[in-house]
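Asks: No gaps in the numbering here: position 192 of the sequence shown is 172 in my numbering, and each next residue is one more. Virtual Cβ for every residue (Gly too), placed ideally from N, Cα, C. No experiment lies behind these values; they were computed from the predicted model shown.
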Amino acid sequence: MIIGLNYSNCLIHRTTFSIRVSSFSVQKRLGPQKRLYYQQLEENIIHVPGENPNAAALRGTNCFIIGTTQERLMIDSGDVPPINALFIENLRKLLLEQKFRLKDVVISHAIANHFGGAWSVIQLHRELGLELPRVHKKLDNNNYERDMFRMSRYLRDHVRHIDSSCKFTVDEQGGGQSVIKPIETPGHRSDHCSYSLTNTSLKQKHLFPGDMILGSPSVSMDDLSLYLDDLRRVEAMDFDKLYLVHTHTHEPEHMVVCAKKKIRAYIEYREQREQLLQETINKKRFTRESLFDMIYEQEDLSDPLRMKLALTSFNSHLNKLLKERKVRLLREGLSEILHIVK
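1. Any idea if Ser2 is buried or exposed, counting beta-carbon neighbours within 10 angstroms, 16 or more meaning buried?
2. List, from N- to C-terminal side, the beta strand (DSSP E) runs of 3 residues or more that fit wholly inside the stretch 84 to 167.
3. For Val85, count neighbouring C-beta atoms within 10 Å of its own C-beta (all shown protein chains included) and say buried if the count is 16 or more, exposed if not.
4. Tell me the rounded alpha-carbon separation between Asp218 and Leu119.
5. Restricting to Cα atoms, I'd like to know which of Arg250, Glu215, Leu257 and His94 is closest to Lys240.
6. Judging by CA-CA distance, which residue of Thr227, Thr180 and Gln184 is the nearest neighbour of Met192?
7. Rounded to a whole number of angstroms, what is the C-alpha to C-alpha distance between Leu271 and Asp59?
8. Taking all protein chains shown into account, do 16 or more other C-beta atoms lie within 10 angstroms of the C-beta of Leu314, making it buried, or fewer, making it exposed?
9. Helix, strand or coil: how does DSSP classify Glu231 here?
10. Is it the case that the Cβ atoms of Ala324 and Ser57 are separated by a distance below 8 Å?
11. With a cut-off of 8 Å, do at least 3 Cβ pairs link the stretch 145 to 153 to the stretch 122 to 129?
12. Are the beta-carbon atoms belonging to Leu357 and His186 less than 8 Å from one another?
13. Here's the rule I'm using: 16 or more other beta-carbon atoms within 10 Å means buried, otherwise exposed. How should Ile321 be labelled?
14. Taking all protein chains shown into account, decide if His(-7) is buried (16 or more other Cβ within 10 angstroms of its Cβ) or exposed.
15. Confirm, please, whether the CB-CB distance from Ile87 to Val115 is below 8 Å.
16. How far does the beta strand (DSSP E) with Ile247 in it reach, from first residue to last?
17. Quick check: the Cα distance between Leu211 and Ile247, rounded to an integer number of angstroms?
18. According to DSSP, what are the bridge partners of Ile45?
19. Roughly how many angstroms lie between the CA atoms of Arg72 and Ala65, to the nearest whole one?
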């Protein structure tokens, strides 16, 4: 049921990349869609569009609100101002129409399009005369986190540290409870957490994977070994559905997908990429740079952000092979050449 619908550090360095691309160019590529303020996905789950499309975020950041009573929980907080103006408009409309407040906001990680709107959400509650929400994330003082706290000078006072030992309960109408737990998944970023949702009365066992799993076939990561471990751990937890934070459309069937199928596809994709790298290195002499060009020769990397993400992913794969001593670098003249270890 749709509600509120209206017609209104890389090892290969190429250049300095801007991580922002225009919303207009992405919107043009993805195509026009109706204005969606929010939509009910399940009895106790509402989707609020982040309204911040770009090459990495796709249609934007999908924020999810859990609960049916006057105090609810939201996963992620949208983008930084002023990019988040329409998201805050969406959230304001929802809070006023359904007459509730956010008791807690849990953050997947400190990247701008997930954590950047936290202070705006707090300010919105203040503006509406509501008790302020508590914000929670795994704090590890990484560069992105420090940037967010510098941008919002008072935000740090409102943020509490969490880890996998924590849990949040959201009371539901009729007396049931939804239980939300962070799952530390540091392969994507050091502070990254996914969130599980269980509700026995509604027979829910869902995962909100954050940037670990997207609506696209793959995602970049800082540490591939950790990332694959993250995927295999959540696969073993036997979730029924994934609620995806970045998708190409806001259609429910694109945001809510079969957990087993999607997680397995992500694992197999990474295993296939690793095999492709090894087979390619074994056929010909490559430097890092020439191998990157070979692997991505069919990809459109004209967008600076897509290039940055491709470099991050490529380096993660190659570093894993080097660390596991499956590949080594040998200096030949002025170049370092990749060799398969046999």
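Replies: Quick look at the numbers:
1. Reliability of the predicted coordinates at Ser2 is poor, the pLDDT of 36 falling under 50, and the value obtained from them is presented with this limitation in mind. Looking at its Cβ environment, which holds fewer than 16 other Cβ atoms inside 10 Å, Ser2 is exposed.
2. As far as the stretch 84 to 167 is concerned, its whole beta strand (DSSP E) runs of at least 3 residues are 114 to 117, 139 to 141, 148 to 151 and 157 to 164.
3. Label assigned to Val85: buried.
4. If you take the alpha carbons of Asp218 and Leu119, they lie about 27 Å apart.
5. Nearest option by C-alpha distance: Glu215.
6. In this structure, Thr227 is the residue among Thr227, Thr180 and Gln184 with its C-alpha nearest to the C-alpha of Met192.
7. Leu271 and Asp59: Cα-Cα distance of roughly 35 Å.
8. Under the 10 Å beta carbon count, Leu314 is surrounded by fewer than 16 other beta carbons and is classified as exposed.
9. Glu231 sits in coil when the DSSP states are folded into three classes, being neither helix nor strand.
10. The question about residue 324 has no answer here: the residues shown for the chain are numbered -19 through 322.
11. Judged by Cβ distances under 8 Å, the stretch 145 to 153 makes no contact with the stretch 122 to 129, as fewer than three pairs qualify.
12. An answer regarding residue 357 cannot be provided, because it is not within the stretch -19 to 322 covered by the chain.
13. Sequence check: residue 321 is Val here, not Ile. Of the residues assessed, Val321 falls on the exposed side of the cut-off, its CB having fewer than 16 other CB atoms within 10 angstroms.
14. Note that His(-7) has pLDDT 30, beneath the 50 cutoff, so the model's placement of it is unreliable and the number below is only indicative. Exposed.
15. For Val115 and Ile87, yes; Cβs fall inside 8 Å.
16. Looking at the DSSP string, Ile247 is not in any beta strand (DSSP E); the run it does join, the alpha helix (DSSP H), is Ala239 to Lys263.
17. If you take the alpha carbons of Leu211 and Ile247, they lie about 7 Å apart.
18. Answer by DSSP bridge pairing, in chain order: Ile26 and Met54.
19. Here the C-alpha atom of Arg72 lies approximately 11 Å from the C-alpha atom of Ala65.
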